[in-house]
Structures are given as C-alpha cells and as structure tokens.
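Visitor: If you count by this note's numbering, then the first sequence holds residues 1 to 425, one letter each, in order. Below is one structure. I have some questions about it.
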Amino acid sequence: MLDQKLIRENPTSVEENLSLRGKVYNISHIHELTVKKKDIDIEISNLQSESKKLSKLIGQEISKSKNNDSPDLIYLKKKGNEYRIKISELEEKQRIFDKEVDEEIYNLPNFPSKDAPIGKDERDNLQIKTWGDPLIKENIKSHWEIGESLNIFDSVKSTKISKSRFITLIGNGARLERALINFMLDLHTKNGYLELMPPALVNSESLTGSGQLPKFSNESFKCSNDDLWLSPTAEVPLTAFHRNELIDPKQLPIKYVAYSPCFRREAGSYGRDTKGLIRLHQFNKVELYWFCDPSKSLEAHKKITSDAESILQKLNLPYRLVDICTGDLGFSSSRTFDLEVWLPSSKSYREISSCSNCLDFQARRSSIRSKIDKKNTYIHTLNGSGLAIGRTMAAILENGQQKDGSVKIPDALVPYFGSNFLKTA
RNA sequence: GGAGAGGUGGCCGAGUGGUUGAAGGCGCAGCACUGGAAAUGCUGUAUAGGGGCAACUUUAUCGAGGGUUCGAAUCCCUCUCUCUCCGCCA
Numbered sequence: 001m002l003d004q005k006l007i008r009e010n011p012t013s014v015e016e017n018l019s020l021r022g023k024v025y026n027i028s029h030i031h032e033l034t035v036k037k038k039d040i041d042i043e044i045s046n047l048q049s050e051s052k053k054l055s056k057l058i059g060q061e062i063s064k065s066k067n068n069d070s071p072d073l074i075y076l077k078k079k080g081n082e083y084r085i086k087i088s089e090l091e092e093k094q095r096i097f098d099k100e101v102d103e104e105i106y107n108l109p110n111f112p113s114k115d116a117p118i119g120k121d122e123r124d125n126l127q128i129k130t131w132g133d134p135l136i137k138e139n140i141k142s143h144w145e146i147g148e149s150l151n152i153f154d155s156v157k158s159t160k161i162s163k164s165r166f167i168t169l170i171g172n173g174a175r176l177e178r179a180l181i182n183f184m185l186d187l188h189t190k191n192g193y194l195e196l197m198p199p200a201l202v203n204s205e206s207l208t209g210s211g212q213l214p215k216f217s218n219e220s221f222k223c224s225n226d227d228l229w230l231s232p233t234a235e236v237p238l239t240a241f242h243r244n245e246l247i248d249p250k251q252l253p254i255k256y257v258a259y260s261p262c263f264r265r266e267a268g269s270y271g272r273d274t275k276g277l278i279r280l281h282q283f284n285k286v287e288l289y290w291f292c293d294p295s296k297s298l299e300a301h302k303k304i305t306s307d308a309e310s311i312l313q314k315l316n317l318p319y320r321l322v323d324i325c326t327g328d329l330g331f332s333s334s335r336t337f338d339l340e341v342w343l344p345s346s347k348s349y350r351e352i353s354s355c356s357n358c359l360d361f362q363a364r365r366s367s368i369r370s371k372i373d374k375k376n377t378y379i380h381t382l383n384g385s386g387l388a389i390g391r392t393m394a395a396i397l398e399n400g401q402q403k404d405g406s407v408k409i410p411d412a413l414v415p416y417f418g419s420n421f422l423k424t425a
C-alpha cells in the first residue's frame, strides 16, 4: 500500500512513479478524497475539542454543586448534545470517505524501483547472466513424456480426483518430490533461515496484507463457508505471521524458509502449459522470506536471490538471471529478479523462482514496524522461491534424461533420493 | 457443536460513568554510584493525525464496529479472536 500522505501531498509524483509500470495511472479521484477527508478530520477534531472542554466543565459543576438539574446545567447539557449530533453527522461522512479511499488505495500497486529496467512487458526484461551450458540435442523428450514412460506421475487419472491441472505423483516421482523439498529446506536452514510450516488456509486479511486481495480475488480458491482461502504462496502466511507487530530491531533481519503447497486458479491461462508439471492448480514450493531494516533491503535482495540460485547450482541445472522490467513487475514488488531454468524440450528458459523486494508495501498493508532511529518505521519485506518443486522436477527430468530412458539424479540430491538414476516407479 | 470466562501500552497487569493516555511491574534509554561491570538509586519512555521554525499545543486510540450519555476502558448491542469444560475427531 502506498502512503496516503504522499497521495494527498504529492499526487503528481505518485502518478509518475506508478506510470513507470507502462500504463497511465490517474489518481485525481483518490487525491481529492484524501484532501476532503483531511478537511473533515480537522472540523471534527475542533468540535471534539470544544465538546470535551464542555464536558469537563459540567463534571466540575456537578461535583461542586451536587445538584444535577440546575437550569445552568440543563443548558450546558443541551449544548453538549448539540455538539454530539454535529460530530456524529460528520463522522458518518468521514466513514464514507475512509471506505472510498481504502477501496482505491488497496488497488494501487507498488512503485517500481528506479533501478528496474523500463519496459512494457516480459519482452523488455533484461537478462543479467546465464549459468551452466544449456543442453541442446536432437530427440529430446519433454518431461511429461519422460514422466509417462517412467510412470512417475499421472495427470489423466488426476482429473477423476479433481479436474485438469492437477497431478498425482507415483512411486519414485513422489519420492523425488519429497527429496527435493528436504534437500532445499536443509540447505536453506543451514544458511541461516528458520524453517516455518504455516497453515495452508489463510484469511482475507492475510491476503490483503501481502497484496493478493482485493484486486486478485480471481486468482485464489476460496472456501465458500468461511473467510478462508487456499494460500497461493507461502509469502502470504509468512507476511501475516508478523502482522500488527512492532519488531525488536535487534531481531532483524528475520529470515524464514517455508515449504508449502500452493493453490492457484490460473484464471485466463486456458490452453497454456496444459501438459506436465509447469502450470498446476496445486504445486509445492519452498519459499524464502526476509523482514529487514529498510536501509538494508537492496543488499538483502541480492542475498535472497543468490540463496535461491545456490539450489540450481547444486543441482547443476542451467539457468539465467533476469531483471524484470517495470511493466512486468508483480503488484507488490518494486524490483524482481527471476531465475529461469533451462528446459531443453522447449529450448527455452522457464521461470522457477521469483525474488522480489517489496520495500514497505506489504509492511504498511500488514502493519509491521520496527523502532529504527527512535521512530516506528515500516520495515521491508522480500520473498523468493527457493525453489518451485514441480518445475525443478521437470528440469531434472529433462536435463538428466538418458538414452536408455532413465534419468540421472544430480549428485547433491542422491543422498536424499537414494539412487543415482531414476528408472521406473 | 453446547456451556462458561476473557481480550487494556513493547510485554505483564490494575482500573465498572467525570478532567484516566490510563496505577504498578518488567523491558528499554539516560544519569548517579563503580577501576569496569553487576546490583542499587534517580529521571525518562505509546502510536497515529492536525497546527507551529521551535518550545509547545490539539484530536483520536483500552479486540473491531455500532449505540446510550454533556461525558465511556468502564453501561447496552453486534461481530471477532483467545482460553477452560463437555461432545466429536487424525
């Protein structure tokens, strides 16, 4: 959420900053609302001040005279009553303004960082580096072909259980998934992250705090009888873990790693990535998350990204690092580095991690502060996948495929998986 | 699901209609004492908004939202969360 004061006092700079996202933002309506709201605030507090003085006077009179219904007192009480009526009328107006301001301000995205490449959409993203040698060969199989021939997952049967875009992992497929989760959690906890296993169902307030609501209600599954949603990413519960808290600055940075199932409706993606493990309604993910001092978030952003990269390197999967352009940034993010893993069957890199610095955007929505330089300050939040498990499995299957149809398991994963090669289920 | 008890500052906890933004304690900061520290003593210490260069001043906030009243942490209503007991249950 953006600072309301900034919208009121400097709407032009707010519009300029937002417009870096590649479309025009006009905030004149919300600006006008915040100005009107402030005028009413002033009027109310003036009246309250008068009314308060009067009440004190009445209190003093009563304790002095012990007489509750002298003509003077009746007059004063009547005057007080008039104040009350006037104030409650204004408060009603104020409530309406507050609601309107909230409706608009929660729908405004974060400012893009000045360091992010300017651009309209994903074609303007900037490749920063590549790591490893992309495998380019004839007769490469897709991961779903490999999965089918090894019988390690089944999407057709899964439509019986649920619907399309769900998967059932079988035998060594399930084992590989489990191995990847443990491998990633172990590495990150060794690197100073505290492991959390949060609830998979989150309430509306949590989703609002991290930015998924109110604007993207279409993208999550909702439990119809409760104010609960299936969490689309562990970023949501991790942000909410410290909602409405004043965090001791000595504890910063707080670094969490969480494995969680993630649920997404994937609205509007009909026909894309319909096969395999790339785009599912339910997938597993190990998420990295930082709460940090605002002056240190740039540094933290590099670190969280390299922590995610270390997984790809240990698994020996070729990837590239991409600086997301202003037009392609997520709603809550000011700067995002994507890690994209090489998928030889499509001869392209595919997103496997997204590492974002949200600055104080989520902290303001969630009210997470820390006393920094003697002032309560919204702290900065960062998140990054470390990594998406299903996509990692797809990459291992495709990059490790052998002539005999088996798949070579990366050395670092062998102790977790228990074998050098994946053959059949 | 049924019955009951609760939600007060960074934390704990007192406070059932009157000048209470709220006793006390812990924590934190400063000062004193000390060779230094611990212990002790003293002082200070909520947040947000408005006005002012500033000293300062003003308003709101005791789970949330309504209501009663000149005046509400305190009374009434609704919601929500937590705890205890019973029921059900991996």
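Idealized CB from N, CA, C, for every residue including glycine. Quick caveat: nothing in here was measured; it's all calculated off a predicted structure.
Relative to the alpha-carbon of Ile87, which residue among Ile44, Glu219, Pro71 has its alpha-carbon at the smallest distance?
Guide: Looking up residue 87 in the first sequence gives position 87. Answer by Cα proximity: Ile44.
Visitor: So Gly119 and Asn125 are supposed to be a Cβ contact under 8 Å. How far apart are they, rounded?
Guide: Position 119 of the first sequence, counting from 1, holds the residue named residue 119. Position 125 of the first sequence, counting from 1, holds the residue named residue 125. Confirmed, Cβ separation roughly 7 Å.
Visitor: Grouping DSSP H, G and I as helix and E and B as strand, with all else coil, what is Gly384?
Guide: Walking along the first sequence from the start, residue 384 turns up at place 384. Looking at Gly384 - three-state DSSP - the assignment turns out to be strand.
Visitor: Are there 16 or more other CB atoms within 10 angstroms of the CB of Lys423, so buried, or fewer, so exposed?
Guide: Counting from 1 along the first sequence, the entry for residue 423 is found at position 423. Exposed.
Visitor: Thinking C-beta only, is Ser385 closer than 8 Å to Ser354?
Guide: Taking the first residue of the first sequence as 1, we reach residue 354 at position 354. Taking the first residue of the first sequence as 1, we reach residue 385 at position 385. Going by C-beta atoms, Ser354 is nearer than 8 Å to Ser385.
Visitor: Residues in the same chain with beta-carbon distance under 6 Å from Ile372, minus the five sequence neighbours each way, listed in chain order, please.
Guide: In the first sequence, residue 372 corresponds to position 372, counting from 1. Correct list, in chain order: Pro249.
Visitor: In terms of DSSP beta bridges, what is Arg350 paired with?
Guide: Counted from its first residue, the first sequence places residue 350 at position 350. As a beta-bridge residue in DSSP terms, Arg350 pairs with Val341.
Visitor: Return the CA-CA distance between Asp328 and Ala179, expressed in angstroms with no decimal places.
Guide: The sequence position of residue 328 within the first sequence is 328, counting from 1. The sequence position of residue 179 within the first sequence is 179, counting from 1. Approximately 33 Å, taken between the alpha carbons.
Visitor: Just the C-alpha distance for Tyr378 and Ser306, rounded to the nearest angstrom, thanks.
Guide: The sequence position of residue 378 within the first sequence is 378, counting from 1. The sequence position of residue 306 within the first sequence is 306, counting from 1. C-alpha separation (whole angstroms): 25 Å.
Visitor: Taking the Cβ atom as the reference point for each residue, do Ser370 and Leu252 lie within a distance shorter than 8 Å?
Guide: Start at 1 with the first residue of the first sequence, and residue 370 comes out as number 370. Start at 1 with the first residue of the first sequence, and residue 252 comes out as number 252. For Ser370 and Leu252, yes; Cβs fall inside 8 Å.
Visitor: Roughly how many angstroms separate the alpha carbons of Ala363 and Ser217, rounded to a whole number?
Guide: Start at 1 with the first residue of the first sequence, and residue 363 comes out as number 363. Start at 1 with the first residue of the first sequence, and residue 217 comes out as number 217. Going from the Cα of Ala363 to the Cα of Ser217 covers about 20 Å.
Visitor: Do Leu176 and Met393 have their C-beta atoms closer together than 8 Å?
Guide: In the first sequence, the residue the question calls residue 176 occupies position 176. In the first sequence, the residue the question calls residue 393 occupies position 393. Against a cut-off of 8 Å, the Cβ pair of Met393 and Leu176 comes out as a contact.
Visitor: Using only alpha-carbon positions, find the residue among Leu108, Arg243, Ile58, Glu205 that is nearest to Ile74.
Guide: Here residue 74 corresponds to residue number 74 of the first sequence, with the count starting at 1. The residue with the shortest Cα to Cα distance from Ile74 is Ile58.
Visitor: Within 10 angstroms of the Cβ of His31, are there 16 or more other Cβ atoms? Answer buried if so, exposed if not.
Guide: Start at 1 with the first residue of the first sequence, and residue 31 comes out as number 31. So His31 ends up on the buried side.
Visitor: Suppose the cutoff is 6 Å on Cβ atoms and the five residues either side in sequence are ignored; what does the same chain contact list for Cys325 look like?
Guide: Taking the first residue of the first sequence as position 1, residue 325 is located at position 325. Same-chain partners within the cutoff: Pro117, Gly119, Asp124, Asn125.
Visitor: Using DSSP's beta-bridge definition, name the partner residues of Trp131.
Guide: As a working note, residue 131 is residue 131 in the first sequence. Trp131 has Tyr319 as its beta-bridge partners, per DSSP.
Visitor: Output the distance between the C-alpha atoms of His301 and Ala308, rounded to the nearest integer angstrom.
Guide: Numbered from its first residue, the first sequence carries residue 301 at position 301. Numbered from its first residue, the first sequence carries residue 308 at position 308. The straight-line gap separating the alpha-carbon atoms of His301 and Ala308 is approximately 11 Å.
Visitor: Under a three-way DSSP split, which group does Val24 fall into?
Guide: Residue mapping note: residue 24 aligns to position 24 of the first sequence, counting from 1. Val24: coil per DSSP, three-state reduction.
Visitor: Closest to Glu61 by CA distance: which of Ser51, Lys52, Asp72 is it?
Guide: What you label residue 61 is simply residue 61 of the first sequence in a count that begins at 1. Residue Asp72 is the option with its Cα nearest to Glu61.
Visitor: Quick one: grab the DSSP three-state call for Glu235.
Guide: As a working mapping, residue 235 is identified with position 235 in the first sequence. It is helical.
Visitor: Can you say whether His29 is buried or exposed, counting buried as having 16 or more other CB atoms within 10 angstroms of its CB?
Guide: For the purposes of this step, residue 29 is taken as residue 29 along the first sequence, with counting starting at 1. It counts as exposed.
Visitor: Does the structure place the segment 221-241 close enough to the segment 261-269 that three or more beta carbon pairs sit under 8 Å?
Guide: Contact holds between the segment 261-269 and the segment 221-241, because three or more Cβ pairs, one in each stretch, are under 8 Å apart.
Visitor: Could you check whether Gly192 and Leu277 sit closer than 8 Å to each other, using their CB atoms as the reference points?
Guide: What you label residue 277 is simply residue 277 of the first sequence in a count that begins at 1. What you label residue 192 is simply residue 192 of the first sequence in a count that begins at 1. One thing to note: Leu277 has its Cβ no nearer than 8 Å to the Cβ of Gly192.
Visitor: Could you check whether Leu185 and Val257 sit closer than 8 Å to each other, using their CB atoms as the reference points?
Guide: In the first sequence, the residue the question calls residue 257 occupies position 257. In the first sequence, the residue the question calls residue 185 occupies position 185. Yes. Within cutoff.
Visitor: Going by beta carbon distance, what residues of the same chain come within less than 7 Å of Ile181, once the five residues before and after it are set aside?
Guide: Residue numbering aside, residue 181 sits at position 181 when the first sequence is read from its first letter. So the list reads Tyr259, Asn284, Val286, Ile389, once near-sequence residues are dropped.
Visitor: Can you give the Cα-Cα distance for Gly22 and Glu148, rounded to whole angstroms?
Guide: Here the question's residue 22 lines up with position 22 in the first sequence. Here the question's residue 148 lines up with position 148 in the first sequence. C-alpha of Gly22 to C-alpha of Glu148: approximately 42 Å in a straight line.
Visitor: Can you give me the C-alpha to C-alpha distance between Pro214 and Thr239, rounded to a whole angstrom?
Guide: One-based indexing of the first sequence puts residue 214 at position 214. One-based indexing of the first sequence puts residue 239 at position 239. Near 16 Å, if we compare the C-alpha coordinates of Thr239 and Pro214.
Visitor: Are Gln4 and Ile105 closer than 8 Å when you measure CB to CB?
Guide: Looking up residue 4 in the first sequence gives position 4. Looking up residue 105 in the first sequence gives position 105. Yes, the Cβ-Cβ distance between Gln4 and Ile105 is below 8 Å.
Visitor: Is the Cβ-Cβ distance between Leu76 and Leu54 less than 8 Å?
Guide: What you label residue 76 is simply residue 76 of the first sequence in a count that begins at 1. What you label residue 54 is simply residue 54 of the first sequence in a count that begins at 1. Yes, the Cβ-Cβ distance between Leu76 and Leu54 is below 8 Å.
Visitor: Looking at the structure shown, is Ile170 part of a helix, part of a strand, or coil, going by DSSP?
Guide: Here the question's residue 170 lines up with position 170 in the first sequence. In the structure shown, Ile170 sits in coil (DSSP, three-state: anything other than H, G, I, E or B).
Visitor: Are the beta-carbon atoms belonging to Leu343 and Ile146 less than 8 Å from one another?
Guide: Working through the first sequence from its first residue, we reach residue 343 at position 343. Working through the first sequence from its first residue, we reach residue 146 at position 146. Cβ atoms of Leu343 and Ile146: not closer than 8 Å.
Visitor: Applying the 10 Å Cβ sphere with the 16-neighbour rule, what's the burial state of Ile128?
Guide: The count along the first sequence starts at 1 and reaches residue 128 at position 128. Exposed.
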